[in-house]
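Single-structure report; data block below.
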Amino acid sequence: MTIKKITAIIDEMQLDNVEKALCDHGVTGFTIHSVKGRGNYCNNYTKDGRVVCKKFEVYTSGEHARK
Numbered sequence: 119m120t121i122k123k124i125t126a127i128i129d130e131m132q133l134d135n136v137e138k139a140l141c142d143h144g145v146t147g148f149t150i151h152s153v154k155g156r157g158n159y160c161n162n163y164t165k166d167g168r169v170v171c172k173k174f175e176v177y178t179s180g181e182h183a184r185k
């Protein structure tokens with residue numbers, strides 16, 4: 119059995135939706151971190167222009183990761 123790590127960075131406003139979707143798909147454990155960064159979107163209302171997001175980390179079986 120292989121174990122896969124899935125990492126996703128999402129907008130803070132999507133946190134509840136993603137968490138619910140993970141639970142609905144049988145994901146029993148995951149880690150959430152607050153992260154800051156810059157990409158296609160730049161926050162013009164902060165000094166450094168970085169956007170606050172949430173980073174999800176999930177460890178699951180290789181078969182479940184393909185779903």
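Here the sequence shown is numbered in the working numbering, starting from 119 and rising by one per residue. Glycine included, each C-beta is placed from N, C-alpha and C at the ideal position.
Rounded to whole angstroms, what is the Cα-Cα separation between residue i and residue j?
i      : j      : result
Ser152 : Glu137 : 14 Å
Arg168 : Gly147 : 28 Å
Thr120 : Lys154 : 31 Å
Gly180 : Lys122 : 5 Å
Since residue i and residue j are thought to touch, with beta carbons under 8 Å apart, how far apart are those beta carbons, to the nearest angstrom?
i      : j      : result
Lys172 : Ile124 : Contact doesn't hold; Cβ gap of about 14 Å is too wide.
If you reduce the DSSP assignment to three classes, tell me which class residue i lands in.
i      : result
Lys122 : strand
Could you tell me which whole beta strand (DSSP E) segments of length 3 or greater appear in the stretch 130-175?
149-155
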